[in-house]
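For the sequence shown, position 71 (counting from the first letter as 1) is numbered 70 according to numbering that gives the first Met the number 0, and the numbering increases by one without interruption.
We put the beta carbon where it would ideally sit given N, CA and C, even for glycine.
Please read these numbers as outputs of a predicted model, since none were measured by experiment.
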Amino acid sequence: MRIDGTSTATGQPGGTQNKAALEKAAQQFEAIFLRQMMGAMRSASLAEGISDSSATDQFRDMADARTADSMASRGTLGIAEMLMRQFGAKVGAPAPAAANMGKGE
């Protein structure tokens, strides 16, 4: 008895889910990178402001995180796009064990 698997548009079952997960991870990586960059820029401040306090610092950090998330979702720097180009083909390719499934008997 021979059972053939079905395939999706990407050539492997669950391929679209894997691509979606990769895209989400790439956007999250870009957001983390942007947060780190913004934090480094903020720490380079040469003088203290009149309204500087731990509360304003915390609010500024939250605002920076939200800004970084927004920039990453728009693909402002293109880091997520480059990651998708680099790893997207690997996610869409069938695994060696899956490629041999259904062959033989």
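CB residue 34 to CB residue 64, shorter than 8 angstroms? As a first step, residue 34 must be located in the sequence shown, where it is residue number 35. As a first step, residue 64 must be located in the sequence shown, where it is residue number 65. A contact, by the Cβ cut-off of 8 angstroms.
So, with DSSP's three-state summary, where would you put residue 62? In the sequence shown, counting from the first residue as 1, residue 62 sits at position 63. Helix, per DSSP.
How many angstroms separate the CA atom of residue 57 from the CA atom of residue 74? Looking up residue 57 in the sequence shown gives position 58. Looking up residue 74 in the sequence shown gives position 75. Those two C-alpha atoms are separated by around 26 angstroms.
Residue 15, enclosing alpha helix (DSSP H) - first and last residue: Your numbering for residue 15 matches position 16 in the sequence shown. Unbroken alpha helix (DSSP H) run through residue 15: 14-42.
Would you kindly check if the distance between the Cβ of residue 82 and the Cβ of residue 30 is under 8 angstroms? Taking the first residue of the sequence shown as position 1, residue 30 is located at position 31. Taking the first residue of the sequence shown as position 1, residue 82 is located at position 83. It is not a contact, given that the beta carbons lie outside the stated cut-off.
From residue 40 to residue 61, what distance separates their C-alpha atoms? As a working note, residue 40 is residue 41 in the sequence shown. As a working note, residue 61 is residue 62 in the sequence shown. The straight-line gap from Cα to Cα measures roughly 15 angstroms.
Between the Cα of residue 37 and the Cα atoms of 23, 51, 66, 21, which residue gives the shortest distance? Translated into the one-based positions of the sequence shown, residue 37 becomes position 38. Among 23, 51, 66, 21, the Cα nearest to that of residue 37 belongs to 66.
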